[in-house]
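Here's the structure we're looking at; comments come further down.
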Amino acid sequence: MTTVLVVPLFVCMPLNSDTALFDVQARMAMNGGVLYRDIVEPNLPGIVWIHMALRSIVGWSSEAIRAVDLLILLGILAILCRIVSNDRPCWLMVFTAAVFYATRNEWCHCQRDTWMLLPALLALLIRIRRSHERDDQTPLVSTVSTADYDHRVTSDALVRSVAMPLLEGVLWGIAFWIKPHIAIPAVAVFGYSCLTNRVSGRRKLAEIGLVLAGGCLAALPGIVWLATSGAWAPFWEMMTEWNPEYLAAGRQRQSIDRWWMMAVRFHPWWIVHIVAVPLAAKNVMQRFQNKTSANNANILPSTELLGVLYLSWTAQSLLLQHAMDYIHVPAILLGIAVVSASPWTLPVEFRRIAAGSLLLVGVAVVPTFRPGYLSNWNACLRHGSTSELRERLSHGNFPHWTDIAAVAGFLSKHDASDKDLTCMNVHSVHLFRELGISPATRYWSVGILHELFPSHRSEIQDTVRNQHGRFIVVENDESELAERCAALDDILNGMTTVFQSGTYRVLAERDDTVATSITARTKTQGRLN
Numbered sequence: 287m288t289t290v291l292v293v294p295l296f297v298c299m300p301l302n303s304d305t306a307l308f309d310v311q312a313r314m315a316m317n318g319g320v321l322y323r324d325i326v327e328p329n330l331p332g333i334v335w336i337h338m339a340l341r342s343i344v345g346w347s348s349e350a351i352r353a354v355d356l357l358i359l360l361g362i363l364a365i366l367c368r369i370v371s372n373d374r375p376c377w378l379m380v381f382t383a384a385v386f387y388a389t390r391n392e393w394c395h396c397q398r399d400t401w402m403l404l405p406a407l408l409a410l411l412i413r414i415r416r417s418h419e420r421d422d423q424t425p426l427v428s429t430v431s432t433a434d435y436d437h438r439v440t441s442d443a444l445v446r447s448v449a450m451p452l453l454e455g456v457l458w459g460i461a462f463w464i465k466p467h468i469a470i471p472a473v474a475v476f477g478y479s480c481l482t483n484r485v486s487g488r489r490k491l492a493e494i495g496l497v498l499a500g501g502c503l504a505a506l507p508g509i510v511w512l513a514t515s516g517a518w519a520p521f522w523e524m525m526t527e528w529n530p531e532y533l534a535a536g537r538q539r540q541s542i543d544r545w546w547m548m549a550v551r552f553h554p555w556w557i558v559h560i561v562a563v564p565l566a567a568k569n570v571m572q573r574f575q576n577k578t579s580a581n582n583a584n585i586l587p588s589t590e591l592l593g594v595l596y597l598s599w600t601a602q603s604l605l606l607q608h609a610m611d612y613i614h615v616p617a618i619l620l621g622i623a624v625v626s627a628s629p630w631t632l633p634v635e636f637r638r639i640a641a642g643s644l645l646l647v648g649v650a651v652v653p654t655f656r657p658g659y660l661s662n663w664n665a666c667l668r669h670g671s672t673s674e675l676r677e678r679l680s681h682g683n684f685p686h687w688t689d690i691a692a693v694a695g696f697l698s699k700h701d702a703s704d705k706d707l708t709c710m711n712v713h714s715v716h717l718f719r720e721l722g723i724s725p726a727t728r729y730w731s732v733g734i735l736h737e738l739f740p741s742h743r744s745e746i747q748d749t750v751r752n753q754h755g756r757f758i759v760v761e762n763d764e765s766e767l768a769e770r771c772a773a774l775d776d777i778l779n780g781m782t783t784v785f786q787s788g789t790y791r792v793l794a795e796r797d798d799t800v801a802t803s804i805t806a807r808t809k810t811q812g813r814l815n
């Protein structure tokens with residue numbers, strides 16, 4: 287029943303601005319543009335490649351990509367269920383994690399951090415299987431010789447002993463292309479496995495080599511694509527010259543207020559960490575405390591390694607990343623799994639009350655299950671994700687969906703095409719996605735890029751001043767929250783407003799045909815009145 291209620295509403299929710307940008311970048315690359323050269327992107331291109339692949343299969347609708355996001359979540363939960371199920375049903379873990387994810391705001395969906403959890407969990411599953419092999423009866427190819435070859439080792443086992451760590455490395459490499467922060471959990475999981483596995487040093491070295499080789503295999507296609515598409519040079523410039531400023535700007539934007547507001551939005555789910563962190567630490571440390579004990583062999587590698595993944599993932603998201611909701615979603619999903627996988631001495635009745643209370647509060651503080659929100663269910667099934675529905679289903683303040691739809695309609699009416707439009711604000715990036723066009727310059731959102739990359743401000747200003755296209759869109763509320771820039775204001779002073787909807791203004795050069803016709807129409811109406 288919950289699935290029937292929630293899924294249509296989830297699919298009809300609006301996309302966040304990050305996902306819209308990935309779509310714009312993917313469409314530009316698919317239409318012959320060069321990523322990094324034709325559009326600024328300070329991150330690795332893995333998510334853009336995924337959008338290119340997905341959009342070529344499922345099309346460009348928001349419903350399609352959100353349906354894919356649901357499938358990815360189901361894949362994540364299926365793998366977690368495989369990892370944590372120790373002859374016990376995992377339906378409560380799946381239900382709890384699904385409710386948590388479905389009730390998050392749209393900024394938490396279709397994001398890199400959650401999507402890279404899928405290949406990371408597949409790699410973890412392989413590592414767990416490898417960790418069950420705690421003897422030297424299945425040698426790796428680099429340790430096999432005529433002298434020590436054991437006839438009990440079949441060719442299939444030999445192939446598996448090579449293919450599995452190689453595949454593990456490929457999966458970690460795929461996750462790295464999506465977001466390089468996965469390197470910390472990957473090293474933690476593999477390092478812990480090597481420390482605790484009772485295998486020979488030669489075999490450990492061979493396995494390390496195979497995992498690294500798998501990572502290199504995952505890297506090669508991406509490097510070839512960057513080189514053959516002409517993106518390698520701008521990619522390298524972006525990573526070495528622009529990215530350090532991007533990271534520094536992110537650190538400067540951190541504040542106690544940001545973390546507090548995120549904690550409020552995540553209430554009560556942050557409680558999961560209070561329970562999961564000590565449980566995971568206990569599961570991990572148990573092996574070292576019982577290093578000489580016969581009970582050591584009975585410790586489940588799945589419980590240990592899941593704890594290592596959870597602790598390292600949580601650490602990198604808290605210490606190295608920002609107070610952005612979507613960054614911290616995977617850690618809570620993993621925390622729910624850790625709690626589910628750990629042995630409990632508390633009575634079942636108490637655990638059920640605790641889980642039920644968490645779910646009850648988690649549902650009560652969000653709009654997802656409120657009558658007014660659920661009343662949109664029928665419209666979702668009948669009409670799909672319209673601008674009016676996005677406005678009602680959105681959890682955030684930006685953008686204003688009905689207004690941005692009106693702006694898109696105006697621009698479409700006046701035949702806006704590639705290179706015709708400049709957007710000053712972040713959330714106006716949806717206009718490029720809705721219209722299926724590329725920005726006038728590589729600076730898809732002038733204001734935020736001007737703020738994030740201070741050493742490139744003059745370059746941004748000069749480029750936008752000379753190549754801003756036919757139209758510039760400004761959103762007043764968002765502009766008031768951003769840093770003011772006199773140089774960018776000067777660009778707007780030379781233009782006239784040709785359309786306005788809510789807080790959105792469309793500006794054009796005074797001698798543009800649209801501006802001229804609107805001015806003439808206004809004068810005519812004035813004379814008639």
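Taking our numbering, the leading residue of the sequence shown gets 287, the next gets one more, and so forth.
Where is the CB? At the ideal position from N, CA and C, for every residue including glycine.
Looking only at its own chain, which residues have a Cβ that is under 6 Å from the Cβ of residue i, when we skip the five neighbours before and after it?
i    : result
S626 : V370 and M379
R323 : P520
T789 : E761, N762 and D763
L408 : L457
N529 : P328
A474 : V594 and S598
V292 : A388
R676 : P300 and W687
Can you list, in chain order, the residues of its chain with a C-beta nearer than 8 Å to that of residue i? Leave out the 5 residues immediately preceding and following it.
i    : result
A353 : V297 and V344
G459 : G500, G501, C502, L503, A504 and A505
A702 : L721, I723, R756 and F757
I468 : M402, A406, W458, A461 and F462
S515 : A315, V320 and L321
L565 : G593, V624, V625 and S628
E349 : V297, C298, G670 and S671
Roughly how many whole angstroms lie between the Cα atoms of residue i and residue j?
i    : j    : result
A583 : V594 : With a pLDDT of only 48 at A583, under the threshold of 50, the placement of this residue in the model should not be trusted; the figure read from the coordinates follows. Spanning the two alpha carbons is a distance of roughly 18 Å.
S603 : E493 : 28 Å
V784 : E454 : 56 Å
V800 : A609 : 43 Å
S680 : E392 : 7 Å
A517 : R313 : 15 Å
V427 : R413 : Annotation note: pLDDT 48 at V427 (below 50); position unreliable, coordinate value reported separately. Going from the Cα of V427 to the Cα of R413 covers about 18 Å.
D748 : Q540 : 30 Å
V385 : L707 : 39 Å
N779 : V759 : 13 Å
G477 : S447 : 18 Å
A549 : D309 : 29 Å
P685 : R728 : 21 Å
W545 : H559 : 15 Å
E674 : L619 : 31 Å
Excluding the 5 residues flanking residue i on each side, which residues of the same chain have their C-beta closer than 7 Å to its C-beta?
i    : result
E720 : A694
P740 : E531
L644 : P554 and I557
D798 : R756
P294 : W663, C666 and L667
From the DSSP output, read off the bridge partner residues of residue i.
i    : result
V759 : C709 and V792
M781 : E795
Q786 : R791
P616 : Looking at the DSSP assignment, P616 forms no beta bridge with any residue, so it has no partner.
P725 : L707
Could you check if residue i is buried or exposed, using at least 16 other CB atoms within 10 Å of its CB as the buried criterion?
i    : result
I622 : buried
G332 : buried
L452 : buried
G648 : buried
N317 : exposed
D543 : exposed
V445 : exposed
V683 : Looking at the sequence provided, one finds Asn at residue 683 rather than Val. Looking at its Cβ environment, which holds fewer than 16 other Cβ atoms inside 10 Å, N683 is exposed.
P725 : buried
H669 : exposed
P629 : exposed
Q423 : For Q423, the predicted model reports a pLDDT of 48, less than 50, meaning its position is unreliable; a value from the coordinates is still stated below. Q423 comes out exposed.
V570 : buried
P300 : buried
Q397 : buried
T654 : buried
T305 : buried
W335 : buried
State yes or no: is the beta carbon of residue i nearer than 8 Å to at least one beta carbon in chain C?
i    : result
Y659 : Included in the structure is just one protein chain, with no chain C present.
### Query
Which full runs of the beta strand (DSSP E) of 3+ residues lie inside the segment 456 to 518, going along the chain?
none
### Whole runs of the alpha helix (DSSP H) within the segment 635 to 672, excluding any shorter than 4 residues
657 to 660 and 663 to 669
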